[in-house]
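Undergrad: Structure incoming, see below.
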Amino acid sequence: MSARIGHNQGPPLEEPVADAFVRWRWRKAHKEAWKNPPLSILKLRVARAEAAGVSYREYMLELLDTGRHLQAADV
């Protein structure tokens with residue numbers, strides 16, 4: 003079946019069907035992202051978070067979201 007005029011063949015806007023494997027992979031990825039780093043890295047990140055004026059959690063959320071380490075000028 004061909005798409006109507008003006009349809010860009012993009013993904014559907016409805017939520018995808020609940021899939022146990024997809025939920026399992028997201029949970030596993032979340033655990034891996036938030037696992038405890040080595041103590042030296044943890045201390046470095048806490049110091050950088052304090053220098054930027056944010057909490058460690060906010061610092062890590064930014065790092066996981068953008069891949070950038072926050073600087074004091076960013077806040």
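Residue numbers (the numbering used here): 3 to 77.
The beta carbon of each residue, even a glycine, is placed where N, CA and C say it ideally should be.
Owing to the predicted nature of the structure, the values given are computational and were not obtained by experimental measurement.
(1) Three or more C-beta pairs closer than 8 Å, one from the segment 68-77 and one from the segment 40-60: is that the case here?
(2) Hey, could you find the ends of the alpha helix (DSSP H) Lys30 is sitting in?
(3) Can you round the beta-carbon distance between Ala35 and Leu66 to whole angstroms, since I take them to be within the 8 Å contact cut?
(4) Do Val77 and Ala49 have their C-beta atoms closer together than 7 Å?
TA: Taking the structure as given:
(1) Yes: at least three Cβ pairs fall under 8 Å.
(2) First-last of the alpha helix (DSSP H) with Lys30: Ala22 to Ala35.
(3) The Cβ separation is near 6 Å, so the contact holds.
(4) Contact: no.
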